[in-house]
Every structure is written in structure tokens, then in C-alpha cells.
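Notes follow once the structure below has been shown.
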Amino acid sequence: SDMFTFDPGFMSTAACESAITYIDGDKGELLYRGYPIEQLAVNCDYLEVCYLLLNGELPNAQQKAEFEYSINHHNLVHEQMHFFLRGFRRDAHPMAILTGLVGAMSAFYHDSTDISNPHHREISAIRLIAKMPTLVAMAYKYSCGEPYVYPRNGLSYSGNFLRQMFATPCEDYQVNEVVERAFDRILTLHADHEQNASTSTVRLCGSSGTNPFAAIAAGVACLWGPAHGGANEACLNMLENIQANGGIAKVGEFMEKVKDKNSGVRLMGFGHRVYKNYDPRAKLMQETCKEVLTALGLENDPLFKLAMELERIALEDQYFVDRKLYPNVDFYSGIVQRAIGIPTQLFTAIFALARTVGWIAQWNEMLSDANYKIGRPRQLYVGSARRDVPSLDKR
Ligand code: CMC
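Everything in the sequence shown is counted per UniProt numbering, starting at 41 for the first residue and increasing by one.
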């Protein structure tokens, strides 16, 4: 009777049906609601992509305007959230802060958490997408010891976030169009990725019927790890380390370490559970990287050159060829963010901001299915057989 499929790491188990995102890992193809990521990244802004992921169709002009209005009217957080934030040490990792702040939202916005009510679910979705940039920027300003910058309606979603990050009481922030577009594209490329670890976490957590903010906080916590969203931070730290220790001349030496299984060193930003071909997001990210560096006069950025060289060597190396390891989205995204002025520690929080829509769309899809069940994996028990408890003096 205890016969279950044993599938550690879910290498071959589909845990749900989903109509949101499609990945063909062999071809290197990514579709949101059927639309190729390459077309969405060029023709749509991030909020249109959010609308698509949530509703299944791209918005028309009126729907787009209404959605933007709705996001713009939910982007403030309650002033008390500021006090909550102040409880953190100011050198706390932004992901630690974000896990806390998003979880705390469940205590601030509990007027619409009847999860069986689609309208309530929609309000929670809007609140999360609208407030996440504010929370991330607040965490950043707090770490700098600067006052928070309140959102300004009339700017784009990305323009607004960049201003909340970089404006100061002394100087407003002039949004550079290339930078704004690049940042928006980073968000689009990270918006959803079907049943990855953090999304599966949100679904499993949400399957108990918990508060949506609590479920998303669980996703943020999962994303933090270096094998998942933390890879962008780890990748940039890796590039900076190689650069500090000899740069391009030392790439060969570094690659030997990566191929040595005892070293524990991985080429961060490479490899993927599903893509066994070039990650289409990495391709778009590499192009964006070039555009941003050119626009900012940083064409000779040594880290970009280093990354290109690592990629060139890896794609020709038998170790990587045999294992079908290609650059993933995180390989170039850190270089773009660094050029924009975003500190390395914040990269994963920005991934969380971008992925929030994917998490909430997947959560909503699960709850919209009348037959959904609480997630409850089984196990193969490998512990001790039944035995009797010895008294303390016999242990
Ligand atoms: N550098 C060196 N070797 C690697 C790498 C790498 N980045 N990735 C995988 N391998 C090797 C691994 O050692 C194993 O070799 P062998 O078969 O000889 O034991 C083989 O390739 C298969 O790797 P795996 O760890 O069994 O594969 P997985 O599907 O469990 O892991 C992964 C996928 C993404 C966790 C892994 O490739 C990795 O750790 N990459 C670096 C971290 C990273 O960039 N993560 C971001 C993923 S994309 C964005 C996101 O999901 O957040």
C-alpha cells in the first residue's frame, strides 16, 4: 500500500495543470500565455505582461489604462510599515527584510483575504504588484540611511521604481529612457517561469488556504537561495572575484576549478533544470546589457568582457557541452543592474519584485480550480523500525 513514485527534486513529476507559462527546454523556448518572450520583451511593457499573466490575454488600450490606474492607486504602503521596517538592523540582507515586510502585509491588509472570492484575490494581486517596488526601494533607502521616496504617479512602473531608488531630498532622479526600458525588460524576463522552486513553494503554501501575503512571503524566502534567485548576486560576486584576482588572464584557471567536482565551485549563472539549450532570457539579457552599457558610456566594462569570455570558453568546453550547460537569465542581468547603479545585494529582491506577478497568477490559477487539493507529498520512509522507548538510565 505504501507504493509511491519516488522523485526527489521533482525531476519528472507534474504537480499541477497550468495555462500560464510554457517552456521547451530542449529548444530554449519560453511562452507566456502562448506569446514568445522575445516578442513580449520588445512590444510590451511590464504591466501589460502582468495583465497578460493574470488574465490570460493582453490588455486593450482601455484595459491597460485601467490596470495602470489601479496599480498607481495601490502603490503606497501604510505608514506603520515604516515602523516595522525600522526594527531591522540596517545592514540586514534585503531579502531578509523583504520576507518580513511581505509577510507583514498580511497583518496590514486583511480586509480582502477571503480567498474563495475572486474579487478579493484580484485586490490582493494588485496590492502585491503595486506595493512590491515601494517595499524594495524602502529597504534600499533604509540601508543607505536615506529617507524613503514616495511613489509618483504619472511615471511608468519601472521609472517610478528607479526614482524611488535613486531620488534624494536634494536631487530628483531623471529617468534615462534606455535604462528605464532595460529595467522594465529585466522585470518582464523574470515575471514567470512555471513551476520553479519558489512558485511551487507559493502553490504548496497557498494550497492550505493561507493568507495570500503569507504565501508570497514563502516564495520570497525560497527565491533567496543561490541555486535559485540568489544566483544573480552570486554571479556578480563571482565575476568581481575573478576580476580582482587577475581578470581575463585567470579565466582558464577558474574554469579548471569549476570542472573539479571537489572544489565546490560552480559557474554561477550557468545551467538550468529545464533548459538544456540557450536560455532565451539570457540572450535578451545579453542584448540589453550591450544597449545599457553603450547608453551609459560603459562599453569597456571589464565584467561584461569577462562574462563574454567565460561564456565563449564554456560553450566550447566538453564539460559544459556534455552536461548541456548554457548561460541562464542571471548570467547577464547582474551586469545590467550594476551599470544602472543597483547594489549587488539588492539583485535578488528585484527578482522577487518581478516574480511577484508570476507567483500570484499561479496562486490564483490554483484557487480558481474548484478541484484543487492541499499539497501533500508522500515519502519513502528509511528510518528505524518500530522500537520501545528505553528509560533514561538505559540510554
Ligand atoms: N557549474 C558547473 N557545473 C554545473 C553547473 C554549473 N553552474 N550546473 C550544473 N553543473 C553540473 C553538475 O555538477 C552536474 O554534473 P554531474 O552530472 O557530473 O554530477 C550536472 O551539471 C547536472 O547538474 P545538477 O546540479 O544535477 O542539475 P540541477 O538541474 O539539479 O541544477 C541548477 C540546476 C540551476 C541548480 C544548476 O545548474 C546550478 O547550480 N547552476 C548555478 C546556479 C544558477 O545559476 N542558478 C540560477 C538558475 S536560473 C534562475 C533561477 O531559477 O532563479
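Every residue, glycine too, gets a C-beta built ideally from N, C-alpha and C. Keep in mind it's a predicted model, so treat the numbers as computed, not measured.
Check                                                                                                                                                                      : Outcome
Answer yes if the stretch 70 to 90 comes into contact with the stretch 41 to 54, meaning at least three C-beta pairs across the two stretches below 8 Å, and no otherwise. : no
Got a sec, what are the start and stop residues for the beta strand (DSSP E) E331 sits in?                                                                                 : No beta strand (DSSP E) holds E331; the alpha helix (DSSP H) holding it covers P320 to A335.
Counting along the chain, where does the beta strand (DSSP E) carrying Y72 start and finish?                                                                               : E69 to Y72
Whose C-beta lies closer than 6 Å to the C-beta of I414 among residues of the same chain, with five residues either side of it excluded?                                   : S247 and S248
Can the beta-carbon of C275 be found less than 7 Å from the beta-carbon of D428?                                                                                           : no
For the stretch 80 to 100 against the stretch 259 to 271, are there 3 or more C-beta pairs whose distance is under 8 Å?                                                    : no
Can you pull the DSSP bridge partners for L195?                                                                                                                            : N193
Who are the near neighbours of P342 in its chain, counting only those whose CB is closer than 7 Å to its CB and skipping five residues on each side?                       : Q283 and G287
From T396 to M135, what does the alpha carbon distance come to, in whole angstroms?                                                                                        : 14 Å
Nearest-angstrom Cα distance between G381 and F128?                                                                                                                        : 24 Å
Here's the rule: buried if 16 or more other CB atoms are within 10 angstroms of the residue's CB, otherwise exposed. What is P209?                                         : exposed
Could you check the C-alpha separation between R313 and H233 for me, to the nearest Å?                                                                                     : 12 Å
So which of F344, K67 and F44 has the shortest CA-CA distance to K316?                                                                                                     : K67
May I ask whether a heavy atom of the ligand CMC can be found less than 6 Å away from the beta carbon of G185?                                                             : no
Taking 6 Å as the line, does the beta carbon of D300 fall inside it for any heavy atom of the ligand CMC?                                                                  : no
Our contact map puts W403 next to R243 with C-beta atoms below 8 Å; I'd like the distance itself, whole angstroms only.                                                    : 7 Å
Under 7 Å, do I256 and L168 count as touching if we go by C-beta distance?                                                                                                 : yes
Within the continuous beta strand (DSSP E) that includes T250, where are the two ends?                                                                                     : Where T250 is concerned, there is no enclosing beta strand (DSSP E), given that its DSSP letter is neither H nor E.
R352: beta carbon under 6 Å from a heavy atom of the ligand CMC?                                                                                                           : no
If you run the structure through DSSP and keep just helix, strand and coil, what is Y75?                                                                                   : strand
Taking the alpha-carbon of L87 as reference, which of P76, Q102 and E108 has the nearest alpha-carbon?                                                                     : E108
Does the distance from the C-beta atom of V215 to that of L202 stay below 7 Å?                                                                                             : yes
Expressed to the nearest angstrom, what Euclidean distance is found between the alpha-carbon atoms of L386 and G259?                                                       : 16 Å
Given 6 Å as the limit, tell me if M135 has its C-beta closer than that to any heavy atom belonging to the ligand CMC.                                                     : no
Using a Cβ-Cβ cutoff of less than 6 Å, which residues in the same chain neighbour H114 once the five nearest sequence positions on both sides are dropped?                 : I166, R167 and A170
At which residues does the alpha helix (DSSP H) containing T61 begin and terminate?                                                                                        : Unbroken run through T61 is the beta strand (DSSP E), T61 to D64; no alpha helix (DSSP H).
Could you give the first and the last residue of the continuous alpha helix (DSSP H) run that contains T139?                                                               : P134 to F148
Which residues in the same chain have their Cβ closer than 7 Å to the Cβ of Y359, if we skip the five residues on either side of it in sequence?                           : K299
Look at the alpha carbon of G423 and the alpha carbon of R435, and state the distance between them as a whole number of angstroms.                                         : 19 Å
What does DSSP give as the partner residues of F201 in its beta bridges?                                                                                                   : Its beta-bridge partners do not exist; DSSP assigns none.
Where does P367 fall in DSSP's three states?                                                                                                                               : strand
What did DSSP end up calling F44 once you bin it into helix, strand or coil?                                                                                               : coil
Going by the DSSP bridge assignment, what does F310 pair with across the sheet?                                                                                            : P367
Can V332 and A222 be called in contact, C-beta distance under 7 Å?                                                                                                         : yes
What residue range does the alpha helix (DSSP H) around P417 cover?                                                                                                        : Careful: P417 lies outside any alpha helix (DSSP H) and carries neither H nor E.
If you count every other CB in all the chains shown that lies within 10 Å of the CB of Q204, and 16 or more means buried, which is it?                                     : buried
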